[in-house]
Each structure stands twice: as C-alpha cells, then as structure tokens.
Amino acid sequence: MIWNDEFETLPREAIESLQLKRLQQTLERVHATVPFYREQFAKAGVNLEQIKSLEDLQRLPFTLKQDMRDNYPYGLFAAPLDQIVRIHASSGTTGKPTVVGYTRRDIDNWTEMMARSFSAAGAHRGDVIHNAYGYGLFTGGLGAHYGAEKIGASVIPMSGGNSKKQLMIMQDFGSTVLTCTPSYCLYLAEIAAEEGIDIRSLKLEVGILGAEPWSEKMRDEIQEKVGIRAIDIYGLSEILGPGVGIECIEAQSGLHIWEDHFIVEIIDPDTCEVLPVGEQGELVITTITKEGIPMIRYRTRDITRIIAEPCICGRTHRRLQRMSGRSDDMLIIRGVNVFPSQIESVLMSIEGVEPHYMLIVDRDENLDTLEVQVEVNEKTFSDEIKVLQKMSRTIQDAIKDMLGITCRVRLVEPKTIARSEGKSQRVIDNRPK
Amino acid sequence: MKVTQISIFIENKSGRLAEVSRVLGETGVNIRALSLADTSDFGILRLIVDNTDLAKETLKECGFTVSKTEVVAVEVPDRPGGLSSILQVLDEANVNVEYMYAFVERSAGNAVIIFRFDDVDQAIEVLQANKITVLPGERIYGI
C-alpha cells in the first residue's frame with residue numbers, strides 16, 4: 000500500500016522542481032544560521048544565487064562525518080535549541096559521538112517517512128509490530144516506533160537483547176512484523192530452534208531489516224528459515240535515522256529513497272566526480288526538508304548505484320541498489336558502527352600497549368564476533384599468567400565502554416601482525432557476503 | 000642465592016615451542032629446567048638454562064618476547080612429605096607463592112623445586128632460617 004499517494008507518485012518533473020525549491024530554502028537556512036556552511040560556501044566561492052538548477056548543487060562542497068565531530072555537539076544545528084525537541088547520537092571515533100537534533104517538524108517528517116516505509120513493506124493498521132531496534136541514543140528504536148504508531152499498528156517497544164523473551168512475546172502477543180538487524184533475525188531463528196519453537200509457525204509475516212549491510216543470499220536464508228518476507232531498510236542518523244529508503248514488498252529490489260526529502264548523488268570516492276545515473280559509487284545525500292541539522296552533500300561512504308527505471312509498485316521515487324560496501328574502513332558489527340581507529344585509540348590509552356593490532360570479524364551462529372589481536376611487548380609481558388589475563392580484560396572492558404560491544408582479546412607474539420608502509424591492513428572480515 | 004629464569008611468550012599455535020628449542024639448540028644453550036603455563040590463547044615458557052644472557056639475546060633476535068625473573072631453587076629430600084614441610088614453613092611465615100615447578104637432580108637424587116615469590120628476599124630469609132637448603136644459581140645452571 001502507498002501511504003502518501005500524492006507525494007510518492009509525483010511525476011519526475013514535479014519531484015525535481017520540488018527538490019530545487021526545497022534545496023534553495025535549505026541553503027538559505029544554513030547560510031543564515033550555521034557559520035560552518037557560510038564559511039564552506041565562501042571558501043568554495045559559491046554565491047547562493049548561482050544555485051539555479053539541481054546540477055548547480057555540484058558547485059557546493061561536501062560535508063564529512065569529521066565536520067560533525069569538529070562542530071560537536073550543536074555547531075551544525077540550524078535551529079536554536081528551544082526548537083529542538085529530540086537529540087540522538089551515534090558512537091564517535093574519540094569517544095565523542097556525532098550529535099543530531101530534530102525540530103517538531105523534523106520528527107513529523109521522519110514519522111511520515113517511516114510510515115511510508117512500513118506501508119511499502121506491507122505493514123498496516125492491525126499489524127503487531129515487534130520493534131527490536133535499540134531504543135536510546137541510537138535512532139533505530141524510536142524512529143521505527145513513531146512510524147509504526149503513525150500507520151495505526153500496535154507497536155511493541157522491545158528494544159534489543161534478551162532473545163528468549165523476544166520469542167515468548169512474539170508467540171504470546173502474535174507479532175506480525177519484526178524490525179531488527181538481519182543478523183539478529185537469523186539469530187532469533189536459531190534460539191527458537193534451540194528452544195523447540197517452530198518460528199515458521201508464528202504469525203510473523205514481514206521482517207523490516209537494516210542497520211547493517213546484508214546480501215541476497217542472507218535474504219533467502221531468512222525468508223526460508225523464519226518464513227517471512229525480508230525487506231531491506233536504509234538509514235543513517237546523520238541524515239535522518241531509519242527510513243531514508245526502503246524496498247517495496249512488490250519488487251523487493253532496490254530501496255526507494257524519499258526524493259521529496261532528499262537529493263541523492265553518486266560520486267567516485269577517489270576523484271569526488273559526480274557519476275552518471277546508474278553507475279556505482281559513493282552515495283552523497285543532501286537533506287532538503289530538515290530544520291534541526293540539515294546536511295549539504297553529506298558523504299555517506301556507502302557504496303551503491305541509482306536505479307532510475309520505473310518500479311512495478313507505482314512509486315516514482317528512484318531506488319538505490321542494496322548497499323554493497325563502504326568507501327572507508329568503517330565496520331558494522333552487530334549493528335554498531337566501528338572504525339578501526341576507535342579501537343586504536345582505546346589501545347593507546349592503556350599503559351604499555353602498542354597500537355599494533357588486527358581486527359578479525361566473523362560470524363558465529365549468525366552473530367557477528369570481533370576478535371582484537373594485540374601484540375605482547377617487553378613492557379606488557381609478564382611471566383605470570385594472571386597479569387596478562389588482566390591486561391586482556393582491561394582492553395576488553397575499555398572497548399566495551401567505548402563501543403558497547405563485547406570483543407575477544409587475543410594476545411599474540413610481537414611482530415606477528417604485518418607492518419606495512421602506507422595503509423596497513425587492520426581488518427580481516429570473514430563474514431559471509 | 001637467587002636463580003635467574005627466562006620467560007618466553009608463546010602464542011598457542013603449532014611449532015612455536017619447537018622453534019624456541021631449535022634456536023637454543025643451535026646456539027648451544029642447554030636447558031636445565033623448564034615449565035610451561037598455558038591458557039587457551041597463549042602460554043608462558045619458563046626456562047633455566049646454562050647461559051641466561053646468551054639465551055635471552057638470541058631469542059629476542061628471533062622475535063620472541065623474553066623477560067628475566069628471579070626465582071629460588073630449593074633442595075627437597077626425594078621422599079613423601081618433602082614438599083609439604085617446605086610449604087608449611089612458607090605458609091606460617093605468610094610468604095605467597097606465585098608459581099612453582101620441580102625436577103629431580105640426577106647426581107644427588109634430591110628433588111629441586113623452583114619457586115617464584117612476590118618477595119624473593121623475604122622468602123630466602125624464611126627458608127634459610129628454617130634450615131631448608133636454598134641452592135645458588137651456579138648449582139642449577141651447571142646441573
């Protein structure tokens with residue numbers, strides 16, 4: 000079902016003229032209220048009167064995650080704090096998160112986009128939506144929650160973890176729609192099997208799965224094991240949170256991105272040239288309705304391509320191919336964004352530990368695992384086992400404190416981790432693609 | 000009256016112990032006593048050898064992490080109750096044993112126990128005051 004018939008089926012020309020109008024408004028807004036953008040535009044020698052077409056957007060400089068950190072916490076807000084009704088944040092490289100703020104209208108728009116997303120995935124009034132995205136600073140839980148209420152479904156605010164209870168609630172409350180990460184969905188299927196619950200016989204019909212990259216192969220496995228239609232959803236807190244784009248249940252191929260709220264471009268991540276429609280590259284998003292923290296040409300680092308061909312569902316908003324990777328070294332482990340540099344800064348903060356490390360990411364029974372290999376050196380070596388084990392635990396606790404994920408620390412002999420000139424190989428990702 | 004022991008960090012993967020013994024063998028270092036403490040991920044190999052400095056330098060050059068530790072060698076009559084009497088003395092004096100290992104002396108037929116203490120000097124004092132034979136390093140290196 001199409002939630003907002005008027006806007007979701009706008010003809011291409013109408014979308015583009017709406018985009019241009021909203022882009023110009025957004026640029027005026029950030030120019031007037033955010034010193035960072037004013038300086039950026041001046042540095043690039045761009046006058047806002049020069050932005051007369053959507054192509055002119057290419058004259059503007061990119062915005063990076065680092066810019067958010069440099070302006071921590073509220074420096075990029077384009078609305079005074081007394082108009083901000085919600086603040087979310089995601090984990091940051093040096094312990095400082097990246098912060099986003101929403102005005103009342105931003106929340107309304109987000110809710111609308113999540114309502115469209117739920118509808119596109121086939122959810123409707125009468126559904127029992129089991130929301131296992133985390134509630135808290137992470138945008139997943141609350142973002143999905145508001146959209147689920149908006150369409151009139153009964154929403155169960157489960158949040159993550161406690162898998163046996165999740166299954167009990169699913170059985171007893173008759174959950175019909177599950178929202179969580181794809182790997183957690185498979186994990187629930189395994190716990191169900193262990194508990195002797197036939198998860199396929201539950202009332203679940205649809206899984207709206209996101210917050211981490213996944214593959215067609217994993218979709219097949221989920222649909223087979225859980226007995227649901229598995230729908231890919233895309234979002235990032237810097238831009239909105241969940242609901243930036245979603246697959247429709249009709250095609251299950253490519254994620255419709257709400258083009259009345261965003262302008263998407265695909266660039267070559269090395270040259271930063273804008274690529275022709277249909278070519279694969281890094282996704283760049285400009286928000287054109289946000290008030291709290293608009294983003295101009297934000298480099299998402301996600302690799303995808305634009306699908307311009309019309310979709311069988313009738314929506315005219317173009318689609319993005321399922322994200323196939325990253326143009327930086329960010330890892331997504333159990334839905335948590337992890338940069339190797341974050342682990343490095345944790346190691347550097349521990350006395351005697353050297354920043355020679357290797358991250359081994361794997362998947363064990365459908366749960367992501369992280370092993371951090373750390374070299375033992377003369378400063379940290381002791382002939383007593385307990386001293387070395389204590390060091391492992393200290394590192395493990397420090398990583399848990401910073402990233403919220405439990406890892407396994409493995410001490411290795413010195414010089415076993417390859418040193419290389421230039422960009423060193425810090426990560427081995429053994430997860431099935 | 001202290002004995003110098005070297006400890007080597009060993010990753011739990013095949014061939015590492017063999018590599019240590021190969022390196023020492025080729026350098027002409029003779030191992031007098033050894034013990035291996037292990038966890039699921041790594042082990043610590045503790046050795047007393049006839050040429051501590053040479054062994055340490057050579058292993059370091061081969062990329063191993065090596066440290067020197069002072070331990071105490073005690074001679075124990077090779078009969079039931081031999082160890083018990085020593086531990087009782089240490090316990091009564093509140094001396095904490097970090098770890099220990101033992102071997103039997105070839106010529107004299109006595110057992111030798113290597114102790115690692117928190118406070119080596121205090122431990123030696125207590126042992127000698129109780130007429131327990133503490134062996135000097137040279138005795139062990141030359142066994």
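Just so you know, the sequences run in chain order B and F. Here numbering that gives the first Met the number 0 is used: the first residue of the first sequence is 0, the next is one more, and so on. Here numbering that gives the first Met the number 0 is used: the first residue of the second sequence is 0, the next is one more, and so on. Yeah, the Cβ is synthetic: ideal placement off N, Cα and C, and Gly gets one too.
From the beta carbon of residue 51 of chain F, is the nearest beta carbon of chain B less than 8 Å away?
False, the Cβ-Cβ gap to chain B never drops below 8 Å.
Residues in the stretch 81-107 of chain B having any Cβ partner in chain F nearer than 9 Å:
For the stretch 81-107 of chain B, the set of positions with a beta-carbon nearer than 9 Å to some beta-carbon of chain F is empty.
Report all residues from its chain with a CB closer than 7 Å to the CB of residue 110 of chain B; omit the five preceding and five following residues, and keep chain order.
Closer than 7 Å at the Cβ level, and outside the excluded window around residue 110 of chain B, lie 145, 146, 149.
Is there at least one Cβ from chain F nearer than 8 Å to residue 382 of chain B's Cβ?
For residue 382 of chain B, the answer is yes, since a Cβ of chain F falls inside 8 Å of its Cβ.
Taking only the alpha-carbon atoms, compute the straight-line gap between residue 11 of chain F and residue 20 of chain F and give it to the nearest angstrom.
The alpha-carbon separation between residue 11 of chain F and residue 20 of chain F amounts to approximately 16 Å.
For residue 117 of chain F, does the count of other Cβ atoms within 10 angstroms reach 16, so buried, or fall short, so exposed?
Around the beta carbon of residue 117 of chain F, fewer than 16 other beta carbons lie within 10 angstroms, which makes this residue exposed.
Which chain F residues are close to residue 376 of chain B, counting only those with a beta carbon under 8 Å from its beta carbon?
In chain order: 64.
Looking at residue 319 of chain B and residue 303 of chain B, is the spacing between their C-beta atoms short of 8 Å?
With respect to residue 319 of chain B, residue 303 of chain B sits close: the two C-beta atoms are nearer than 8 Å.
Interface partners of residue 388 of chain B on chain F, CB under 8 Å
By Cβ distance, chain F contributes 38.
How about residue 60 of chain F: is its Cβ closer than 7 Å to a heavy atom in the ligand MG?
As presented, the structure is devoid of all ligands, the ligand MG included, so that no description of it is given.
Three or more C-beta pairs closer than 8 Å, one from the stretch 395-415 of chain B and one from the stretch 23-30 of chain F: is that the case here?
No: fewer than three Cβ pairs fall under 8 Å.
Counting only beta-carbon atoms, is residue 421 of chain B nearer than 8 Å to chain F?
Only weak support exists for where residue 421 of chain B lies, its pLDDT of 45 falling under 50; the value from the coordinates is given anyway. Not an interface residue.
Coil, strand or helix - residue 118 of chain B by DSSP
For residue 118 of chain B, the three-state secondary structure derived from DSSP is helix.
So does the stretch 113-121 of chain B actually touch the stretch 262-282 of chain B, counting three or more Cβ pairs closer than 8 Å?
Contact annotation: the stretch 113-121 of chain B does not touch the stretch 262-282 of chain B, with fewer than three C-beta pairs closer than 8 Å.
May I ask you to list the residues that DSSP assigns as paired with residue 229 of chain B?
As computed with DSSP, residue 229 of chain B is found in a beta bridge with B/206.
Answer with yes or no whether the minimum CB distance from residue 6 of chain F to chain B is below 8 Å.
Yes, because at least one Cβ of chain B sits closer than 8 Å to the Cβ of residue 6 of chain F.
For a contact defined as C-beta to C-beta under 9 Å, what are the partners of residue 97 of chain F on chain B?
The contacting residues are 382, 383, 385.
Pull up the distance between the alpha-carbon of residue 125 of chain F and that of residue 94 of chain F, whole angstroms please.
Roughly 8 Å between the two C-alpha positions.
Under 7 Å from the C-beta of residue 68 of chain F: neighbouring residues of chain B
By Cβ distance, chain B contributes 382.
For residue 420 of chain B, name the three-state secondary structure that DSSP assigns.
Below a pLDDT of 50, predicted positions are generally treated as unreliable, and residue 420 of chain B, at 49, falls in that range; the measurement from the model is reported next regardless. If DSSP states are grouped into helix, strand and coil, residue 420 of chain B belongs with coil.
Below 6 Å CB to CB, which residues in the same chain sit around residue 327 of chain B once its five sequence neighbours on both sides are set aside?
Hits under 6 Å: 300.
Here's the rule: buried if 16 or more other CB atoms are within 10 angstroms of the residue's CB, otherwise exposed. What is residue 113 of chain F?
It counts as buried.
Skipping 5 residues on each side, what residues in its chain have a beta carbon closer than 7 Å to that of residue 393 of chain B?
The beta carbon of residue 393 of chain B is closer than 7 Å to those of 349 in its chain, skipping five residues each way along the sequence.
Per DSSP, residue 101 of chain B is paired with what?
In the DSSP assignment, residue 101 of chain B is bridged to B/85.
Quick one: does residue 114 of chain F have its CB under 8 Å from some CB of chain B?
Answer no: the Cβ-Cβ gap between residue 114 of chain F and chain B never drops below 8 Å.
Sequence-distant residues of the same chain with beta carbon closer than 7 Å to residue 127 of chain F, five excluded per side
Once the five neighbours on either side are set aside, the close Cβ partners of residue 127 of chain F are 133.
Candidates B/143, B/268, B/316, of which the one nearest residue 305 of chain B by Cα
Nearest of B/143, B/268, B/316 to residue 305 of chain B, Cα basis: B/316.
Could you check if residue 336 of chain B is buried or exposed, using at least 16 other CB atoms within 10 Å of its CB as the buried criterion?
With a threshold of 16 other beta carbon atoms within 10 Å, residue 336 of chain B meets it and is buried.
Taking contact to mean at least 3 C-beta pairs separated by less than 8 Å, is the stretch 158-165 of chain B in contact with the stretch 177-196 of chain B?
Verdict: yes, contact present.
Pull up the CB-CB distance for residue 236 of chain B and residue 87 of chain B, whole angstroms please, since I reckon it's below 8 Å.
With a contact defined as Cβ atoms closer than 8 Å, residue 236 of chain B and residue 87 of chain B qualify at about 6 Å.
Which residues in the same chain as residue 81 of chain F place their Cβ atom closer than 8 Å to its Cβ, once the five residues preceding and following it in sequence are excluded?
If the five residues before and after residue 81 of chain F are omitted, its C-beta is found closer than 8 Å to the C-beta atoms of 75, 110, all from its own chain and listed in chain order.
Closer than 7 Å by beta-carbon distance: list the chain F residues that pair up with residue 409 of chain B, in chain order.
Taking a Cβ-Cβ cut-off of 7 Å, the neighbours of residue 409 of chain B in chain F comprise 40, given in sequence order.
Within 10 angstroms of its Cβ, does residue 24 of chain B collect 16 or more other Cβ (buried), or is it exposed?
Burial is judged here by how many other beta carbons sit within 10 angstroms of a residue's own beta carbon; residue 24 of chain B has fewer than 16 and is exposed.
I'd like the list of long-range same chain contacts for residue 253 of chain B, defined as Cβ closer than 8 Å, with 5 residues on each side in sequence excluded.
Setting aside the 5 residues that flank it on each side, residue 253 of chain B is surrounded in the same chain by 246, 306, 310, 318, 319, 320, 321, each with a C-beta closer than 8 Å to its C-beta; the list follows chain order.
So, for residue 142 of chain B: in the same chain, excluding its five sequence neighbours on each side, which residues have a beta-carbon less than 8 Å away from its beta-carbon?
Non-local beta-carbon contacts of residue 142 of chain B in its own chain, meaning distances under 8 Å to residues more than five positions away in sequence, involve 109, 113, 132, 234, 239, 240, 241, 242 in chain order.
Provide the residue(s) that pair with residue 6 of chain F in DSSP beta bridges, ordered along the chain.
Paired residue(s): F/45, F/66.
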